[in-house]
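Structure first, then comments.
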Amino acid sequence: MPEAKEYYKMLTPEFKYPRVFCSEEEIMMAKTIREFTEKEIMPKRHDLEGGWHRNEELALSTLYELYSKAVKLGLTTSNLPLDYGGGGLSPIVRSMINEELSRGDIGFATLIGKIHWIVSIMLAAKRDDLLKEFSPKLVSGEPWIACVAITEPAGGANLEDASLGFKTIRTIVKEDGGDYVINGHKIWPGPGGPAEHFLATKILKGHLGYWTVATFDPNKGREGVTVVYVPPDAKGLSFSTPYKKMGFSWTEENVEIFYDNVRIPKKYRIDTKPGEGADIVEGYIIGLGRLAGSARLVGLSEAALEIVLEFTSNRMIAGKPERERSLFASLIAEMFRGIDIARQYYLSVTWQVMHPELYGAPHSKEMFARFCAARSFAGDVAQFVTNTGMELMGSYGYSYDFHLEKYMRDYKIVKMWLGGAQRDRLDIAQGLYGPFKWAGDT
Ligand SMILES: Cc1cc2nc3c(=O)[nH]c(=O)nc-3n(C[C@H](O)[C@H](O)[C@H](O)COP(=O)(O)OP(=O)(O)OC[C@H]3O[C@@H](n4cnc5c(N)ncnc54)[C@H](O)[C@@H]3O)c2cc1C
-10 MPEAKEYYKM
0 LTPEFKYPRV
10 FCSEEEIMMA
20 KTIREFTEKE
30 IMPKRHDLEG
40 GWHRNEELAL
50 STLYELYSKA
60 VKLGLTTSNL
70 PLDYGGGGLS
80 PIVRSMINEE
90 LSRGDIGFAT
100 LIGKIHWIVS
110 IMLAAKRDDL
120 LKEFSPKLVS
130 GEPWIACVAI
140 TEPAGGANLE
150 DASLGFKTIR
160 TIVKEDGGDY
170 VINGHKIWPG
180 PGGPAEHFLA
190 TKILKGHLGY
200 WTVATFDPNK
210 GREGVTVVYV
220 PPDAKGLSFS
230 TPYKKMGFSW
240 TEENVEIFYD
250 NVRIPKKYRI
260 DTKPGEGADI
270 VEGYIIGLGR
280 LAGSARLVGL
290 SEAALEIVLE
300 FTSNRMIAGK
310 PERERSLFAS
320 LIAEMFRGID
330 IARQYYLSVT
340 WQVMHPELYG
350 APHSKEMFAR
360 FCAARSFAGD
370 VAQFVTNTGM
380 ELMGSYGYSY
390 DFHLEKYMRD
400 YKIVKMWLGG
410 AQRDRLDIAQ
420 GLYGPFKWAG
430 DT
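The numbering used here puts the first residue of the sequence shown at -10, with every later residue one more than the last.
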């Protein structure tokens, strides 16, 4: 495999992040994150899956050692306000972190993104008390992880379908004296599992718990939705063993979570007024989650393109490097075109998030449509780049040693989670000419 990297100016932070959306300082930050990815993640990409033989000990120790370093670099707390000791940085930097880390490993970027996610939920609800409670752990420099639980056995995409008004949620919260009591069943959230499991490697400091989408009454639709925080050691909480999957094996240990009369203090209901829970779920959990996914898919696609560029510069076809043959050059150009357009688009949408007075809040149907356009387009680009890239590399692309097969396995779920590619398209239509309801809705 060619180790020496060529220098591609158009793929460097200085040339790929346009100044119209970001400051010089933010570009410098992207450079730092890129250096971290090059130095720390790239050499360990295979180890994050435990190598060819999927050695769990190797996977978890590599993951949490890298995670600890990223936490020390401040990557998890970029969107935590300065007042709480965080970076107080813009959503553009959150996107850059997602893109740059995903060049190395999209599962690793997702684990970092979980902390951005829970901070954004607390910020959306203006819960200064909770930010105060959690920030000492977040800024301690110690590695803590977190999980957001949405999907249920009756369907993930249904729950994420705003036109169904959240009436399909079956995780129920009831008031009981001074507390809330939760009963329900989530599937697929990650990383999840018994609290002690995450201490086994002796590297992680611990799990911060489960930020759970639930309802007071499914019949109340939007008015019933709530987000509750469930501590990792809450009584009544239990877990399945992790699912076996095509990728994301340890970066995201996905489990089923059972809530059996789980009691939490009232302060752990994140939203504070009727309707706010639905806005947070739509705008900040699903919407910004899809936007983060688009940045990650762009980073993954760029890494795949770089592999293809290196390979085709060395592989000779009838006496000439492959990439100098016009058919192959045009395919490489199409890969770059897709990646660059997907990046410009997600950055533009991220910039619009920073100007709600002009474009609407994250839960507005128009902004939501744009999050979906960004994610679905970036997902299609990742599919094209990994597939076409593999074809240009032939059997070498299919082999373990060249890493492309891993990127190909990983992009797929980022396109499918949080409602998936079809839900994205329907939500774009909803933003453009909705709201409309599906025939047969109750
Ligand atoms: C690696 C991994 C990580 C994950 N992480 C998390 C996590 O952290 N938290 C969490 O809660 N979940 C997580 N999930 C679950 C994931 O978000 C859901 O699986 C996904 O949203 C789709 O839900 P589903 O599998 O139930 O598919 P279904 O809802 O059964 O959908 C199947 C197909 O039908 C389509 N479809 C179904 N209903 C509709 C509808 N109403 N409108 C349009 N299309 C529809 C879908 O787009 C899809 O194509 C994860 C899954 C994986 C594999």
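Cβ coordinates follow ideal geometry from the N, Cα and C atoms, glycine included.
Quick check on this structure: which residue in Val287, Gln411, Val338 has the alpha carbon closest to the alpha carbon of Ala98?
Ranking Val287, Gln411, Val338 by Cα distance to Ala98 puts Val287 first.
Is Cys136 near ligand 1, judged by its Cβ being under 7 Å from some heavy atom?
Cys136: yes, Cβ under 7 Å from ligand 1.
Please return the same chain residues whose Cβ sits closer than 8 Å to the Cβ of Glu394, not counting the five positions on each side in sequence.
So the qualifying residues of the chain are Met379, Gly386, Tyr387, Ser388.
When you compare the CB positions of Ile101 and Ala59, do they come within less than 8 Å of one another, or not?
It is a contact, given that the beta carbons lie within the stated cut-off.
On a Cα-Cα basis, can you pick out the residue from Arg412, Ser315, Phe391, Leu153 that is closest to Ala362?
The shortest Cα separation from Ala362 among Arg412, Ser315, Phe391, Leu153 belongs to Arg412.
State the CB to CB distance for the pair Thr434 and Pro178, rounded to an integer number of angstroms; the pair is presumed to be in contact (CB under 8 Å).
There is no way to answer for residue 434, as the model of the chain reaches only from -10 to 431.
Can you give me the C-alpha to C-alpha distance between Pro220 and Arg285, rounded to a whole angstrom?
Approximately 28 Å between the Cα atoms of the pair.
Return the CA-CA distance between Pro2 and Ala184, expressed in angstroms with no decimal places.
Going by the C-alpha atoms only, they are around 39 Å apart.
Hey, could you find the ends of the beta strand (DSSP E) Glu164 is sitting in?
Unbroken beta strand (DSSP E) run through Glu164: 161 to 165.
Going straight from the alpha carbon of Lys175 to that of Glu355, what length do you get?
Cα to Cα, the separation comes out at about 29 Å.
Given 7 Å as the limit, tell me if Tyr160 has its C-beta closer than that to any heavy atom belonging to ligand 1.
Checking the sequence, you will find Thr at residue 160 rather than Tyr. It does not: the Cβ of Thr160 is nowhere closer than 7 Å to a heavy atom of ligand 1.
So for Gly96, helix, strand or coil by DSSP?
In the structure shown, Gly96 sits in a helix (DSSP, three-state: H, G or I).
In its own chain, which residues sit with a C-beta less than 6 Å from the C-beta of Lys156, not counting the 5 before and 5 after it?
Same-chain partners within the cutoff: Pro207, Gly210.
Beta-carbon separation of Ile110 and Tyr273 under 8 Å?
Result yes, Cβ atoms of Ile110 and Tyr273 sit closer than 8 Å.
Rounded C-beta distance between Leu289 and Ala410? I'm assuming under 8 Å.
About 16 Å separates the two Cβ atoms, so there is no contact after all.
Tell me whether Val374 sits in a helix, a strand or coil according to DSSP, three-state version.
Correct three-state label for Val374: helix.
Alpha carbon to alpha carbon, how far is Arg314 from Ala151? Give it in angstroms, no decimals.
Distance between the alpha carbons of Ala151 and Arg314 is about 48 Å.
Along the chain, where does the alpha helix (DSSP H) containing Thr157 start, and where does it finish?
No alpha helix (DSSP H) holds Thr157; DSSP gives it neither H nor E.
Might you give, ordered along the chain, the residues of its own chain that have their beta carbon closer than 8 Å to the beta carbon of His344, omitting 5 neighbours on each side?
Contacts found: none.
Which residue from Trp427, Pro424, Tyr422, Trp406 puts its Cα closest to that of Glu149?
The residue with the shortest Cα to Cα distance from Glu149 is Trp406.
For His196, which residues of its own chain have a beta-carbon under 6 Å away from its beta-carbon, when the five flanking residues on both sides are left out?
Answer for His196: Ile134, Ala184, Phe187, Pro221, listed in chain order.
Would you say Lys175 touches ligand 1, meaning its beta carbon is less than 7 Å from a heavy atom?
Within the cutoff, so yes.
Between Ile321 and Arg312, is the Cβ-Cβ spacing less than 8 Å?
A contact, by the Cβ cut-off of 8 Å.
Using CA atoms only, rank isn't needed, just tell me which of Gly76, Thr339, Gly96, Ala281 is closest to Asp399.
Considering only alpha carbons, the answer is Gly96.
Using a Cβ-Cβ cutoff of less than 7 Å, which residues in the same chain neighbour Tyr396 once the five nearest sequence positions on both sides are dropped?
So the list reads Leu289, Ala292, Ala293, Thr375, once near-sequence residues are dropped.
Cβ of Lys69 within 8 Å of Cβ of Leu127?
Just to set this straight, residue 69 is Leu in the shown sequence, not Lys. Against a cut-off of 8 Å, the Cβ pair of Leu127 and Leu69 comes out as a contact.
Given a cut-off of 8 Å, decide if Met31 and Gly467 are closer than it, judged by their beta-carbon atoms.
Here the chain covers residues -10 to 431 and nothing more, so residue 467 does not appear.
Just to confirm my understanding: we take Asp118, look at its own chain, exclude 5 residues before and 5 after, and list those with CB closer than 8 Å. What are they?
Answer for Asp118: Lys256, listed in chain order.
Per DSSP, His174 forms a beta bridge with which residues?
DSSP lists Phe247 as partners of His174.
From His105 to Thr65, what does the alpha carbon distance come to, in whole angstroms?
So the alpha carbons of these two residues sit roughly 6 Å apart.
Once DSSP output is grouped into helix, strand and coil, what is the label at His352?
The answer is coil: DSSP assigns His352 none of H, G, I, E or B.
Nearest to Thr21 by CA position, among Glu88, His42, Leu52, is which residue?
If we check each option's Cα against that of Thr21, Glu88 comes out closest.
Let me make sure I understand the geometry here. Which of Ser91, Leu90, Ile107, Met382 has the alpha-carbon closest to that of Met305?
Selected option, being the one with the closest Cα: Met382.
Just checking Ile402 against ligand 1 - is the residue's beta carbon closer than 7 Å to any of the ligand's heavy atoms?
Answer for Ile402: yes, Cβ within range of ligand 1.
Using 8 Å as the Cβ pair cut-off and three pairs as the minimum, do the stretch 35 to 45 and the stretch 226 to 235 touch?
Output reads no: the stretch 226 to 235 does not touch the stretch 35 to 45.
Taking only the alpha-carbon atoms, compute the straight-line gap between Leu226 and Ile296 and give it to the nearest angstrom.
Rounded to the nearest angstrom, the two C-alpha atoms are 44 Å apart.
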